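Here's the structure we're looking at; comments come further down.
Residue numbers (my numbering): 83 to 350.
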């Protein structure tokens with residue numbers, strides 16, 4: 083089933099032409115449910131991504147291909163996209179960066195960045211902490227309003243100790259690959275159920291993006307139907323967060339087990 087169009091008017095309009103509007107979204111590989119109830123949501127997600135109206139969209143659990151799912155949905159009314167999910171989800175005119183993190187029996191998945199602004203050379207850095215979880219950093223410089231913003235899309239591990247080690251490796255990567263005076267946005271699914279990662283990220287020089295005076299509940303994104311955890315986040319350097327927003331409602335809740343998080347930034 084395809085949703086009625088998710089119009090961008092369901093979200094707060096971009097507040098300023100000079101303000102950077104970003105979104106991060108774990109799309110759950112474009113599929114929801116199990117067994118006979120499994121359904122393809124990638125077409126609805128395309129409407130959702132466009133409705134976010136973001137300059138940059140950080141995506142996790144994105145598939146380039148999956149043979150089993152492609153066969154399973156070959157006879158549905160819309161079907162599995164012929165190309166990769168990142169390209170399929172990109173609104174018209176956006177540039178796309180994608181790199182694989184995990185290889186599975188039938189396919190693979192990774193992180194992606196969709197950008198309304200021109201992008202530079204794409205980097206990828208493996209931060210897998212053990213053989214049971216394949217994780218990576220997607221590094222994409224974005225040329226925004228006359229300067230380069232270094233974006234890094236992440237999907238960190240399920241164990242706290244792994245996440246702390248991955249944060250350290252993130253810091254080492256930024257020190258080696260990003261100019262010291264350049265603004266940085268690190269976004270994605272941090273899997274930080276216990277709210278323990280802000281300290282290690284601050285040690286890396288990255289501060290969690292929060293809207294001044296906003297309630298913590300405003301940024302809850304997981305699980306999508308009744309969100310109680312703020313797993314999806316932005317950590318930044320050289321940028322000031324002016325607003326945050328999580329779109330809610332039945333349409334958003336059905337598309338993924340996460341809700342997207344939208345944030346707007348000015349230069350600090």
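Even glycine gets a Cβ: it sits at the ideal position worked out from N, Cα and C. Here the structure is a predicted model, which is why all the values come from computation and not from measurement.
Per the coordinates, the alpha-carbon of residue 176 lies some 11 angstroms from the alpha-carbon of residue 170. DSSP places residue 223 outside any alpha helix (DSSP H); the residue lies instead in the beta strand (DSSP E), whose first and last residues are 218-226. Close CB contacts of residue 105 within its chain, under the 6 angstroms cut and outside five residues either way in sequence, are with 134, 136, 139, 342, 344 (chain order). Beta-bridge pairing by DSSP links residue 136 to no other residue. With respect to residue 195, residue 206 sits apart: the two C-beta atoms are not nearer than 7 angstroms. Beta-carbon to beta-carbon, residue 338 and residue 110 are separated by about 4 angstroms, close enough to satisfy the 8 angstroms threshold. Secondary structure of residue 294 (DSSP, three-state): coil. Residue 163 counts as buried, since no fewer than 16 other beta carbons sit within 10 angstroms of its beta carbon. Inter-residue distance for residue 298 and residue 310 is about 10 angstroms (C-alpha atoms, whole angstroms).
Rounded to the nearest whole angstrom, the CA to CA distance from residue 188 to residue 278 is 34 angstroms. Taking the CA atoms as reference points, residue 166 sits about 10 angstroms from residue 172.
With contacts defined as CB atoms closer than 7 angstroms, residue 233 and residue 267 qualify as a contacting pair. Around the C-beta of residue 237, 16 or more other C-beta atoms lie within 10 Å, and the residue is accordingly described as buried. Under the DSSP assignment, residue 260 falls outside any beta strand (DSSP E); it carries neither an H nor an E label.
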